[in-house]
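Reviewing the structure listed below.
In our numbering, the protein residues as written are 83 to 379.
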């Protein structure tokens with residue numbers, strides 16, 4: 083093989099990496115991950131507290147178990163979480179029904195931030211408010227339901243990890259597939275969104291199981307070094323890491339979903355029409371070639 087042939091092979095190998103690097107810069111990887119982590123900490127977690135205040139004791143225990151499963155919280159930290167959820171009378175008395183409505187609308191800050199990430203990944207303009215507002219609330223409600231079910235889901239509903247692990251992966255993939263379609267207001271068809279769902283769902287499932295191994299020790303070390311603020315720093319670092327994984331997965335998904343090889347594969351599927359969804363919202367359907375499979379050869 084001559085020198086020119088080697089150079090051509092290297093260029094073909096480097097071109098996708100260059101494209102991915104450019105796309106990650108366009109999506110603002112670190113800024114997006116930090117914003118999503120901050121909105122989760124400042125808006126979504128208070129919503130959990132308010133929801134727990136109105137939930138019966140059995141659901142409070144289920145939520146505590148699910149958070150323990152997701153975050154790997156054990157020992158004294160888990161007991162403090164249970165105590166916080168069980169001591170919900172003051173929160174319920176202080177907030178009332180209005181409190182849960184306010185907390186729900188405040189938590190849409192996370193939905194809005196995630197929607198902007200999805201739109202940047204696919205180079206779409208900001209959706210119209212009338213098309214997006216209900217989607218922010220719908221995503222939060224489904225997210226809460228999935229979070230509630232994490233403990234029994236990972237336990238395979240009593241069957242153990244043999245069933246729990248594949249179930250968790252399947253649910254994560256379906257959740258991220260639906261999330262992209264919802265947040266993009268139907269402007270991208272389901273088929274191009276599948277690679278992002280597979281990559282992000284699998285990566286997030288792996289991150290969730292990894293947290294069970296590393297988070298307990300990290301929480302304990304944080305407490306020993308920084309006192310009560312230590313676990314907070316650890317939790318924020320974990321959130322940023324998780325959302326870095328999510329943003330990278332969504333970006334990789336857009337790259338794969340608009341590639342020529344995936345376009346050829348999708349065209350072979352019966353009843354599948356790759357590209358933009360013709361039934362999308364009016365929030366802006368123009369914006370580059372994001373819904374077509376003609377970007378790369």
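In this text, a Cβ means the ideal position worked out from N, Cα and C, and glycines have one as well. Bear in mind that the values here come from a model prediction, so they are computed numbers and not experimental data.
Burial state of residue i (16 or more Cβ within 10 Å)
i: residue 319; result: exposed
i: residue 192; result: buried
i: residue 240; result: exposed
i: residue 261; result: buried
i: residue 211; result: exposed
i: residue 375; result: Summary for residue 375: the model assigns pLDDT 41, below 50, so the residue's position carries little reliability, and this model does not support an answer.
i: residue 296; result: exposed
i: residue 216; result: exposed
i: residue 370; result: The predicted model places residue 370 with a pLDDT of 41, which falls under 50 and marks its position as unreliable; any figure quoted below should be read in that light. The residue in question, residue 370, is exposed, as its Cβ has fewer than 16 Cβ neighbours within 10 Å.
i: residue 103; result: exposed
i: residue 252; result: exposed
i: residue 355; result: Annotation note: pLDDT 49 at residue 355 (below 50); position unreliable, coordinate value reported separately. Flag for residue 355 reads exposed.
i: residue 292; result: exposed
i: residue 307; result: exposed
i: residue 114; result: buried
i: residue 303; result: exposed
i: residue 223; result: exposed
i: residue 140; result: exposed
i: residue 277; result: buried
i: residue 346; result: exposed
i: residue 299; result: exposed
Sheet register partners of residue i (DSSP bridge)
i: residue 319; result: Bridge partners of residue 319: none, in fact.
Residue closest to residue i, alpha-carbon to alpha-carbon, out of the options
i: residue 280; options: 186, 322, 254 and 213; result: 254
i: residue 301; options: 314, 218 and 103; result: 314
i: residue 214; options: 303, 229, 233 and 190; result: 190
i: residue 275; options: 115, 341, 100 and 108; result: 341
i: residue 186; options: 202, 219, 197 and 208; result: 219
i: residue 335; options: 290, 304, 272 and 299; result: 272
i: residue 127; options: 146, 139 and 305; result: 146
i: residue 284; options: 250, 310, 188 and 305; result: 250
i: residue 116; options: 195, 208, 268 and 349; result: 195
i: residue 101; options: 337, 150, 238 and 349; result: 337
i: residue 184; options: 305, 125 and 351; result: 125
i: residue 259; options: 312, 339, 305 and 119; result: 339
Pair within 9 Å by beta-carbon distance, residue i and residue j
i: residue 105; j: residue 333; result: yes
i: residue 153; j: residue 317; result: yes
i: residue 206; j: residue 131; result: no
i: residue 321; j: residue 123; result: yes
i: residue 221; j: residue 264; result: yes
i: residue 134; j: residue 142; result: yes
i: residue 111; j: residue 326; result: yes
i: residue 231; j: residue 148; result: yes
i: residue 286; j: residue 331; result: yes
i: residue 324; j: residue 289; result: yes
i: residue 198; j: residue 108; result: no
i: residue 233; j: residue 144; result: yes
i: residue 209; j: residue 266; result: yes
i: residue 151; j: residue 349; result: no
#### Entry: Contained alpha helix (DSSP H) runs [length at least 4] in the stretch 173 to 246, N- to C-terminal order
211 to 230 and 232 to 236
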